[in-house]
Structures are given as structure tokens and as C-alpha cells.
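Numbering of the sequence shown is given in my numbering, commencing with residue 397 and proceeding in unit increments.
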Amino acid sequence: MKFRIPYFLFLCYLLFLFGCRYPIAKQDELETDTLFLELAGSKAADCNAEGIRLSKAIQLDQAETVWDQCIQTNPNEVVVHLNRLRFYYLLDEYEHLKQKITREAPSRSSVTYTTILKELELRLRNEERVVLLDALSRLKGWELYSYEELANYYLQTGNFVYAEGYFNQILEVVPFHENALYGMADIQVQKNNWYSLLDYAKSLEVAAKKNKEFHYYFVKANYELGRYELALKWAESATSEEKTQVGFLEVWRDTLLVLKDFPRWDNLLPYYRKAVERGYSVPESVFFPTLSKEGKDIRKASRSGRS
Numbered sequence: 397m398k399f400r401i402p403y404f405l406f407l408c409y410l411l412f413l414f415g416c417r418y419p420i421a422k423q424d425e426l427e428t429d430t431l432f433l434e435l436a437g438s439k440a441a442d443c444n445a446e447g448i449r450l451s452k453a454i455q456l457d458q459a460e461t462v463w464d465q466c467i468q469t470n471p472n473e474v475v476v477h478l479n480r481l482r483f484y485y486l487l488d489e490y491e492h493l494k495q496k497i498t499r500e501a502p503s504r505s506s507v508t509y510t511t512i513l514k515e516l517e518l519r520l521r522n523e524e525r526v527v528l529l530d531a532l533s534r535l536k537g538w539e540l541y542s543y544e545e546l547a548n549y550y551l552q553t554g555n556f557v558y559a560e561g562y563f564n565q566i567l568e569v570v571p572f573h574e575n576a577l578y579g580m581a582d583i584q585v586q587k588n589n590w591y592s593l594l595d596y597a598k599s600l601e602v603a604a605k606k607n608k609e610f611h612y613y614f615v616k617a618n619y620e621l622g623r624y625e626l627a628l629k630w631a632e633s634a635t636s637e638e639k640t641q642v643g644f645l646e647v648w649r650d651t652l653l654v655l656k657d658f659p660r661w662d663n664l665l666p667y668y669r670k671a672v673e674r675g676y677s678v679p680e681s682v683f684f685p686t687l688s689k690e691g692k693d694i695r696k697a698s699r700s701g702r703s
């Protein structure tokens, strides 16, 4: 036993010396990472370089101290903030970073943090941007902006549970928040929640100030609920711009196909052709099935129950 105690103390000393309080499993990621940014011609150039060197040498406690001191002495140097964020991101030490940002408490008008967020977006460092936005959402003035950015990110990535959660947090504060209502309506379309979609469409009819393209939600919900005449009325009352959108044209067309054996496409054709000018590539004979003889025969058979 008398030999084991000194060995244990020596081991503790080594752990302290090399700063190994972070998971060593992250060593390869730190050593090989290419997204740390160099600085030149700045007061922060030396401490930034030292932070990168220590991070890649896995001297993590020392690196943490250098990053913090570098930011304290150069609070507006965006690159240093980006590198510190990268450091904690690679280590999965999100909460530790969030606590630091909360203590630093940048104001909503901070040009530095606005630039950091923009740089992360331009560099496609989206997951790091999510970590930063989550930290900022805890600070007064940043809440709604952060919630909306996070909601849109999760909506775009198909994580509807998270997106819905953030949109709901916005609506708890601002019940008729236009962008949040549009986001929630899009989620209801994806989830096939047609009654809920109608509720959000009705709220948008009241709340929409900038974007009046909410008719699609009424058309889609009523079509899916079998209220075809009502769906058609909403389709006809939509704005010209909304009528050129492919998703809108498809449900408008489908509504007419349900209501009539051989519908006339006069009202849809101009908007379909505008969509084609913008790059839509489905031929008229395919998009409007009753324009060709084959399409008419298929349509006639399907409506008479023979196929």
C-alpha cells in the first residue's frame, strides 16, 4: 500500500499538469480540426495563436484560460469569439460556454455578436450557431430573436418537435407573431393536422401585415377535409404571386379535378406558365392531366370507378 499512494499522487499531478479534465476522446478532433481561425494585424493575434496552439496540444485548462483572457482584453474581436466557441463545441462543453456568455451578457445591439452569428451562418457552422443562440436566448432582449432563429433552423432540418417548441415560446409572448404563425402553419401541413392548420390560417388572416400569402393554408386544409367548394373560393381569392407557387397550383388543380369531370384550366394556365418561367419543369400535359387524350381517358375511368 505504501507504494501505491505516491503513485496515485504522481498520477493526480500529471492529470493536473496536462489539464485533462475534459474527455480525452475528443483529442483527435482538437488536434486535426481545421476551423480554428488565424489572426494577423490585430492586438489579439498573439493570444489567439496561443489559444489555438494550446487547444491542439490538448493543454485544455491552459487553453481555456488563454481564450477567456484574450476575449477580456479584446472583447470585440470576432475571430477570438469564434475560436473560443469552436473550442467548447469540439469538447461538447456547451453548458460551460453558455454560462460564460450569460455572465458576459452581450446586449441585443452588440455589433460583435451580430457579426459572430452572421459569420457562423456564412461559414455553415450551423450547429455552433445553435449553441450560441441557445445561450443568447437566456439574455434579456435576445429571447424572441433567438427563439425565431432556432425555430427556423429546426424547421429547415425537419425537427418539427423542436421547431414547434420554439415557435410556441414566441407565441406565448406575442400571440399574433406573424413569422411564428407561418412556421406553425407549415408544421401542421407536414404533420397533416388539418384542423390545426385552419386555426393558424385564421390567425394569419388577422395578423398578416407583410406577407399575405396565407391562402394556401385555407385551400390545403379545406381540400384535405373534403370541403372542395370552400377550398376553391380560397384558391380564387389568393394573390397573383401566391398563385404562381407550385404547391398552391397543385392543390388548386386537385380541387378542380375533384369537383369537375373535365375542368377548364384557363384560370390556372397563366400562373403555371409563370412557374415554368421560374424553372418548373413538369409539362402541361402531365400537370393538367385532362389536356391529353390519354389523361382524359384515365380521368374518366377513375371518376367512374373503373380504376
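Just so you know, even glycine gets a beta-carbon here, dropped at the ideal spot from N, CA and C. Since this is a predicted model, take the numbers as computed values, not measurements.
- Inside the segment 607-659, DSSP marks whole alpha helix (DSSP H) runs of 4 or more residues at positions 611-620, 624-632, 636-639, 642-655, from first to last along the chain.
- In the DSSP assignment, residue 563 falls within the unbroken alpha helix (DSSP H) covering 556-569.
- Selection 593, 457, 674, 642 evaluated against residue 664 yields 642 as nearest (Cα-Cα).
- Contact between residue 613 and residue 600 holds: their C-beta atoms lie close to 7 Å from each other, under 8 Å.
- Assignment of residue 455 by DSSP, reduced to helix, strand and coil, places it in the coil class.
- Per DSSP, reduced to three states, the secondary structure at residue 499 is helical.
- In this structure, residue 490 lies near residue 527, with their beta-carbon atoms less than 8 Å apart.
- In terms of Cα proximity to residue 685, the closest of 585, 484, 656, 671 is 656.
- Comparing alpha carbon positions, the residue from 549, 492, 662, 667 closest to residue 520 is 549.
- Under the three-state reduction of DSSP, residue 685 is assigned to helix.
- Out of 615, 479, 638, 478, the CA that lies nearest to the CA of residue 594 is found in 615.
- When the Cα atoms are used, residue 535 and residue 677 turn out to be separated by approximately 47 Å.
- With fewer than 16 neighbouring CB atoms inside 10 Å of its own CB, residue 646 falls in the exposed class.
- Rounded to the nearest angstrom, the gap between the Cα atoms of residue 583 and residue 547 is 11 Å.
- Assignment of residue 661 by DSSP, reduced to helix, strand and coil, places it in the coil class.
- Closest in C-alpha terms to residue 511, from the list 625, 581, 446, 525, comes 525.
- Here the alpha carbons of residue 553 and residue 428 stand approximately 27 Å from one another.
- Of the residues 504, 515, 486, the one whose Cα lies closest to the Cα of residue 537 is 504.
- DSSP places residue 579 in the uninterrupted alpha helix (DSSP H) bounded by 574-587.
- Check the Cα spacing between residue 430 and each of 670, 483, 631, 567: the tightest is with 483.
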